[in-house]
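One structure below.
In this note's numbering, the protein residues as written are 13 to 132.
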């Protein structure tokens, strides 16, 4: 019809809720990973393309919804400040990463079963 064919690929969004309240999703996980890598909320926010203010609000909301801290924060600016994931924050990132890997594989399996045999 339009002279060009593109292969279809499934896409999906995943997020976690607590009591019908948004806790975090893929973007928040990217922020947590960046905090672990950089040791800074400000640097991590910049790395994932968020404002510092948005990152702080996101983390505060997630921690309130979960009922525990994800980040250990040290005030003091560039020289003395910093941030690191708590043990529970690290565990959440690891579990979510394993969950997403398995979910992505399952989605591909379901997609192939539904569409590959139809030539789409």
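Quick reminder that beta carbons are idealized off the backbone N, C-alpha and C, glycines included. Predicted model only: the values in this text are computed from it and were never measured.
Residue i lies in the alpha helix (DSSP H); which residues open and close that run?
i           : result
residue 101 : 99-127
residue 79  : Looking at the DSSP string, residue 79 is not in any alpha helix (DSSP H), and its letter there is neither H nor E.
Give me the residue from the options with the minimum Cα distance to residue i.
i           : options           : result
residue 61  : 85, 81, 40        : 40
residue 105 : 123, 120, 83      : 83
residue 70  : 122, 107, 44, 112 : 44
residue 113 : 21, 38, 18        : 38
residue 74  : 85, 48, 58, 101   : 101
residue 99  : 86, 48, 59        : 48
DSSP state of residue i, grouped into three classes?
i          : result
residue 19 : coil
residue 60 : helix
residue 54 : helix
residue 69 : helix
residue 93 : coil
residue 87 : coil
Can you round the beta-carbon distance between residue i and residue j to whole angstroms, since I take them to be within the 8 Å contact cut?
i           : j           : result
residue 26  : residue 115 : 7 Å
residue 119 : residue 24  : 6 Å
residue 108 : residue 22  : Not a contact, Cβ separation roughly 20 Å.
residue 127 : residue 20  : 6 Å
Taking residue i as part of the beta strand (DSSP E), name the residues at either end of that continuous run.
i          : result
residue 35 : 33-37
On the three-pair Cβ rule with 8 Å, is the stretch 62-81 touching the stretch 17-34?
yes
Take every Cβ of the stretch 41-59, pair it with every Cβ of the stretch 93-109, and state whether three or more of those distances are shorter than 8 Å.
yes
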